[in-house]
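Those letters in the sequence shown? Residues 6 to 214, per my numbering, in order.
In what follows, a single structure is set out as structure tokens and then discussed.
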Amino acid sequence: MFHLSTAARILTEEFYSHKTNFFTFQMERLKTVLSLESTFTNRRSTPRNEYLSRTLQRMIVACDAKNGQVVGFVEVDARPLVGNRNSVTENESSPKEGTSDILRSYMYNLAVDKKWKRKGIASALVQACELFVLDMHDLCVEKRLYLRVRKSNRAAIALYESLGYREMPPEVIHMSKEDINRGSLEDGELILFAKDLPMDGECLLDNIE
């Protein structure tokens with residue numbers, strides 16, 4: 006498994022470098038490492054929950070073909086709310102428990118090393134998340150991928166729109182603007198984006214013991 010410190014550095018540079026100095030940057034990076042590590046440990050050890058965590062959550066990295074160095078990072082998560090609390094930046098917008106038996110997939114923590122921007126890496130990572138969701142064809146996963154984005158982040162919005170994502174009123178999934186912005190550590194309003202994915206399949210989660 007890749008070393009989380011590299012991914013943590015990329016994430017910290019992406020989301021916190023504009024408001025940190027040398028010392029606070031190191032603190033934010035450490036917090037990010039711990040948060041990433043906790044993604045795979047914050048769950049009860051039952052067969053069903055272990056299966057869901059292993060199957061419904063994924064860290065995806067882009068690497069330099071020459072040396073294997075991590076240059077981009079993203080996460081995608083379709084776990085129920087109880088197991089989906091550990092994003093560094095923008096994943097607290099999971100659906101409320103009890104609203105539906107269908108699991109919703111959220112993409113978050115998309116970041117690319119500043120030296121590797123504008124090379125198509127972010128688009129490739131988004132598409133990898135979509136493929137991951139499409140591969141979960143036998144699970145109760147909604148045919149849609151969600152994300153949160155800063156309303157003022159025009160570059161990110163342009164990227165997502167070019168890939169087929171559109172802004173969605175949070176009320177469509179029984180949420181509010183307050184829900185979308187809950188847990189955010191950055192300034193500025195977050196908005197919900199989503200893209201419908203063409204996947205079909207039979208729900209088999211109820212058969213997992």
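Even for Gly, the Cβ is constructed at its ideal location relative to N, Cα and C.
Determine the extent of the alpha helix (DSSP H) in which residue i is found, giving its start and end residues.
| i | result |
| --- | --- |
| residue 167 | 159 to 167 |
| residue 131 | 126 to 140 |
| residue 183 | 182 to 186 |
Straight-line CA distance for residue i to residue j?
| i | j | result |
| --- | --- | --- |
| residue 185 | residue 74 | 33 angstroms |
| residue 162 | residue 147 | 22 angstroms |
| residue 165 | residue 135 | 12 angstroms |
| residue 152 | residue 115 | 10 angstroms |
| residue 117 | residue 70 | 15 angstroms |
| residue 13 | residue 176 | 33 angstroms |
| residue 113 | residue 78 | 10 angstroms |
| residue 156 | residue 150 | 18 angstroms |
| residue 203 | residue 183 | 30 angstroms |
| residue 15 | residue 179 | 33 angstroms |
| residue 168 | residue 19 | 21 angstroms |
| residue 124 | residue 132 | 14 angstroms |
| residue 107 | residue 140 | 16 angstroms |
| residue 174 | residue 72 | 43 angstroms |
| residue 10 | residue 181 | 34 angstroms |
| residue 187 | residue 42 | 22 angstroms |
| residue 66 | residue 29 | 25 angstroms |
| residue 154 | residue 120 | 22 angstroms |
| residue 193 | residue 122 | 23 angstroms |
Over the uninterrupted beta strand (DSSP E) stretch that includes residue i, give me the two end residues.
| i | result |
| --- | --- |
| residue 62 | 62 to 68 |
| residue 82 | 75 to 82 |
| residue 196 | 195 to 201 |
| residue 114 | 108 to 117 |
| residue 155 | 146 to 155 |
Buried or exposed for residue i, going by 16 or more other Cβ atoms inside 10 Å?
| i | result |
| --- | --- |
| residue 17 | buried |
| residue 201 | exposed |
| residue 110 | buried |
| residue 159 | exposed |
| residue 32 | exposed |
| residue 172 | exposed |
| residue 39 | exposed |
| residue 130 | buried |
| residue 61 | buried |
| residue 35 | exposed |
If residue i and residue j are in contact, beta carbons under 8 angstroms, what's the gap, nearest whole angstrom?
| i | j | result |
| --- | --- | --- |
| residue 197 | residue 189 | Contact doesn't hold; Cβ gap of about 12 angstroms is too wide. |
| residue 76 | residue 68 | 6 angstroms |
| residue 137 | residue 63 | 5 angstroms |
| residue 199 | residue 170 | 7 angstroms |
Any C-beta of chain C sitting closer than 8 angstroms to the C-beta of residue i?
| i | result |
| --- | --- |
| residue 188 | Among the protein chains of the structure shown there is no chain C, as only one such chain exists. |
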